[in-house]
Amino acid sequence: MAEPASVAAESLAGSRARAARTVLGQVVLPGEELLLPEQEDAEGPGGAVERPLSLNARACSRVRVVCGPGLRRCGDRLLVTKCGRLRHKEPGSGSGGGVYWVDSQQKRYVPVKGDHVIGIVTAKSGDIFKVDVGGSEPASLSYLSFEGATKRNRPNVGDLIYGQFVVANKDMEPEMVCIDSCGRANGMGVIGQDGLLFKVTLGLIRKLLAPDCEIIQEVGKLYPLEIVFGMNGRIWVKAKTIQQTLILANILEACEHMTSDQRKQIFSRLAES
Amino acid sequence: MEEETHTDAKIRAENGTGSSPRGPGCSLRHFACEQNLLSRPDGSASFLQGDTSVLAGVYGPAEVKVSKEIFNKATLEVILRPKIGLPGVAEKSRERLIRNTCEAVVLGTLHPRTSITVVLQVVSDAGSLLACCLNAACMALVDAGVPMRALFCGVACALDSDGTLVLDPTSKQEKARAVLTFALDSVERKLLMSSTKGLYSDTELQQCLAAAQAASQHVFRFYRESLQRRYSKS
Numbered sequence: 022m023a024e025p026a027s028v029a030a031e032s033l034a035g036s037r038a039r040a041a042r043t044v045l046g047q048v049v050l051p052g053e054e055l056l057l058p059e060q061e062d063a064e065g066p067g068g069a070v071e072r073p074l075s076l077n078a079r080a081c082s083r084v085r086v087v088c089g090p091g092l093r094r095c096g097d098r099l100l101v102t103k104c105g106r107l108r109h110k111e112p113g114s115g116s117g118g119g120v121y122w123v124d125s126q127q128k129r130y131v132p133v134k135g136d137h138v139i140g141i142v143t144a145k146s147g148d149i150f151k152v153d154v155g156g157s158e159p160a161s162l163s164y165l166s167f168e169g170a171t172k173r174n175r176p177n178v179g180d181l182i183y184g185q186f187v188v189a190n191k192d193m194e195p196e197m198v199c200i201d202s203c204g205r206a207n208g209m210g211v212i213g214q215d216g217l218l219f220k221v222t223l224g225l226i227r228k229l230l231a232p233d234c235e236i237i238q239e240v241g242k243l244y245p246l247e248i249v250f251g252m253n254g255r256i257w258v259k260a261k262t263i264q265q266t267l268i269l270a271n272i273l274e275a276c277e278h279m280t281s282d283q284r285k286q287i288f289s290r291l292a293e294s
Numbered sequence: 318m319e320e321e322t323h324t325d326a327k328i329r330a331e332n333g334t335g336s337s338p339r340g341p342g343c344s345l346r347h348f349a350c351e352q353n354l355l356s357r358p359d360g361s362a363s364f365l366q367g368d369t370s371v372l373a374g375v376y377g378p379a380e381v382k383v384s385k386e387i388f389n390k391a392t393l394e395v396i397l398r399p400k401i402g403l404p405g406v407a408e409k410s411r412e413r414l415i416r417n418t419c420e421a422v423v424l425g426t427l428h429p430r431t432s433i434t435v436v437l438q439v440v441s442d443a444g445s446l447l448a449c450c451l452n453a454a455c456m457a458l459v460d461a462g463v464p465m466r467a468l469f470c471g472v473a474c475a476l477d478s479d480g481t482l483v484l485d486p487t488s489k490q491e492k493a494r495a496v497l498t499f500a501l502d503s504v505e506r507k508l509l510m511s512s513t514k515g516l517y518s519d520t521e522l523q524q525c526l527a528a529a530q531a532a533s534q535h536v537f538r539f540y541r542e543s544l545q546r547r548y549s550k551s
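In order, the protein sequences belong to chains S and E. The first sequence runs 22 to 294 under the working numbering. The second sequence runs 318 to 551 under the working numbering.
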C-alpha cells in the first residue's frame with residue numbers, strides 16, 4: 022500500500038498532481054488534480070529525456086482523452102469533483118486516449134442525454150406530459166412521441182413510462198421520447214399494469230446492467246418475471262404473484278450490500294422453498 | 318439496510334518540544350464519522366469530535382421555488398437546528414457562515430436553477446460546534462455526490478489569557494480570552510472562512526491560523542481514510 026508515501030506527499034504544502042495512470046482503481050477525492058499521459062512525459066523527473074527544442078510553444082500533439090462523470094478539465098489537467106474510484110476504458114478503435122471517469126455512489130439522478138429512464142406522468146399541459154424522473158425538474162414528453170400515437174391510446178396521469186432523453190443539459194428542461202430515431206418503440210412506452218416500482222442507488226443499477234452481471238441471470242432462474250431498469254435508480258418488477266414480486270424487490274434492494282456468497286445462499290434457499 | 322462505515326481515529330499532532338514557550342498544545346480530540354446513515358436524504362453524515370456530535374443531511378440538486386432560483390448556479394441553503402429550543406439569531410449567523418463556505422467549494426454552475434439544501438442537527442455540543450458542523454457538512458456533501466472543487470474542514474482554537482493556544486477546545490476551554498474558528502480547503506490549505514470572538518493580537522491570529530493549517534492535515538487524512546474504507550466495502 023502506498024500509505025506512507027501518500028502521507029508524506031500530503032504533508033507537503035498543497036497536493037501534488039499525480040499521473041492518472043498511477044491512480045487507476047484507487048479512491049480519489051474532490052480537489053485532486055490528475056495529469057494526462059501526454060503531459061506526464063513532458064514533466065518527467067529531471068527532464069532526462071532529450072527532446073529537440075520546439076520553436077512554437079507547446080506544439081506537441083495531445084492525446085485526446087474523454088472526461089467522464091466526476092472529472093472536469095482544469096487547464097490541461099483533470100480535476101476530480103466527486104469521490105469514488107478512478108476508472109479508465111481504452112479506446113475501442115482509432116486514436117484517442119480513451120475515457121476516464123470516477124465511479125461514485127449516488128442516490129440523486131441528474132438527466133443525461135440518451136439515458137433510458139422510468140418516469141411517472143404527473144400532469145398534462147398543452148401538448149405535452151410532465152413526467153417526474155427523479156431529477157431537479159420534471160421532463161416533458163410530447164403526445165406524439167409514441168409508436169402509433171393516436172388520440173385514443175395515450176398515457177394517463179399516474180402511468181409509468183419507459184423512455185429516453187433527447188434533450189438533457191443543465192440549461193434546458195429535459196425532454197424525453199418513447200421512440201427511437203427510426204420511429205419504433207423498441208421496448209419503450211407505457212409500462213403495463215400491476216408490478217412494483219422501487220428505488221435503488223444509481224451504482225446498483227449500473228452494476229446490474231453491466232454485461233457480465235450474474236444477478237439477473239440467477240433471478241431469472243428463480244421465477245418468471247418482467248423487469249425494467251431505469252438509469253434514474255428506478256426498477257419496475259412484476260412476477261406471477263404479489264409475494265414473488267415482493268421477494269424479488271427485496272433481493273434486488275439487498276444486492277447492494279451482499280457479497281456474492283451470501284447472495285448464492287439466499288437464492289439456493291429460495292429455490293428450495 | 319444502510320451501509321455504515323464507522324471510522325475511529327485518535328489523532329495527535331506532533332508537539333514540537335523545545336519550541337517557544339507558547340507552543341501550541343496540538344492535540345485534536347477523538348474523531349469519528351459515519352456516512353449514508355439516513356435513508357431519505359441524498360447524502361448524510363454524522364461527525365463526532367470528542368463529545369460534540371453533529372448530524373448532516375444533504376438534499377440536491379433538487380427542485381427550487383421560482384422565487385429562490387438563480388439562473389446560472391445552484392441555490393445553496395443551510396439549515397442548522399440546535400439541540401433544544403427554536404433556532405435563533407446565533408443559528409442564523411452560523412448558517413450564513415457555513416453557507417458561504419459551501420458556496421466557495423461547491424460547483425454550483427453545473428446545476429443552475431436547482432437547490433442544494435444542507436440540514437444540520439446538533440446532537441450534542443461540547444465545544445468547537447461550528448468546526449464540527451463544517452466537517453459534517455463536507456462529509457455529507459461528498460456522500461451526496463455534489464460536485465465540489467475541493468474538500469473543506471473546520472478547525473477551532475482557543476487563546477488563553479496567558480497566550481497558550483488550545484486546538485479543538487472543549488466547552489470549558491472555550492471560556493477563554495478568544496475563540497477562533499477557521500474553515501480551510503484541502504487543495505492548498507487556504508482560508509475559506511474565519512469566525513472569531515474575543516481579544517487577540519495580530520501575531521496571535523497568524524499563530525492560530527498556522528496551527529489550524531497544521532491540524533487540518535490530520536482532518537483531511539481522516540477524511541481520506543474514512544472514504545477509502547467506505548469504497549473498499551463495495
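Quick reminder that beta carbons are idealized off the backbone N, C-alpha and C, glycines included.
- Between the C-alpha atoms of LEU354 of chain E and VAL459 of chain E there is a straight-line separation of about 14 Å.
- Along the region 192 to 208 of chain S, the positions whose C-beta sits under 8 Å from a C-beta of chain E are ASP192, read in chain order.
- Here LEU397 of chain E really is in contact with LEU437 of chain E; their C-beta atoms are around 5 Å apart, less than 8 Å.
- Put simply, the backbone Cα of PHE537 of chain E is about 17 Å away from that of GLN47 of chain S.
- Counting only runs of at least 4 residues, the region 249 to 290 of chain S fully encloses the following alpha helix (DSSP H) elements, listed from N- to C-terminal order: 263 to 275.
- A straight-line Cα-Cα distance of about 41 Å links TRP257 of chain S and LEU57 of chain S.
- Around the beta carbon of ALA527 of chain E, fewer than 16 other beta carbons sit within 10 angstroms, so the residue counts as exposed.
- Taken in chain order, the complete alpha helix (DSSP H) segments of 4 or more residues contained in the region 415 to 465 of chain E are 446 to 461.
- Restricted to the region 478 to 540 of chain E, the beta strand (DSSP E) segments that are unbroken, complete and at least 3 residues in length are 482 to 484, 495 to 502 and 508 to 515, listed in chain order.
- Boundaries of the beta strand (DSSP E) harbouring LEU162 of chain S: 160 to 163, taken from the DSSP string.
- In the three-state reduction of the DSSP assignment, THR102 of chain S falls in the coil class.
- Where ILE396 of chain E is concerned, the enclosing beta strand (DSSP E) starts and stops at 392 to 398.
- Taking C-beta separations shorter than 6 Å and ignoring five residues to either side along the sequence, the partners of ARG430 of chain E in its chain run GLU386, following chain order.
- A contact is defined here as three or more CB-CB pairs under 8 Å, and the region 135 to 143 of chain S meets this definition with respect to the region 180 to 189 of chain S.
- Sixteen is the threshold: when 16 or more other Cβ atoms of the shown chains lie within 10 Å of the Cβ of LYS390 of chain E, as they do, the residue is buried.
- With respect to GLY216 of chain S, LYS259 of chain S sits close: the two C-beta atoms are nearer than 8 Å.
- In the three-state reduction of the DSSP assignment, ILE236 of chain S falls in the helix class.
- Taken in chain order, the members of the region 455 to 473 of chain E whose beta-carbon sits within less than 7 Å of a beta-carbon on chain S are VAL459, ALA461, GLY462, PRO464, MET465, ARG466, ALA467 and LEU468.
- For LYS220 of chain S, the uninterrupted beta strand (DSSP E) segment begins and ends at 217 to 220.
- Cβ-Cβ separation between LYS110 of chain S and GLY119 of chain S: approximately 5 Å, consistent with a contact (criterion under 8 Å).
- Interface with chain E (8 Å Cβ-Cβ cutoff): SER161 of chain S is excluded.
- In summary, ALA454 of chain E is buried, with 16 or more beta-carbon neighbours lying within 10 Å of its beta-carbon over all protein chains present.
- Among the bridge pairs identified by DSSP, GLN366 of chain E is matched with E:PHE348 and E:THR369.
- Residues of chain S whose Cβ lies closer than 9 Å to the Cβ of GLY377 of chain E are, in chain order, ARG129 and SER157.
- If you draw a straight line from the Cα of GLU247 of chain S to the Cα of GLN265 of chain S, it is about 12 Å long.
- Taking the Cα of LYS489 of chain E as reference, the smallest distance to any Cα among E:LEU497, E:ALA475 and E:LEU501 is reached at E:ALA475.
- Annotated three-state conformation of LYS145 of chain S is strand, per DSSP.
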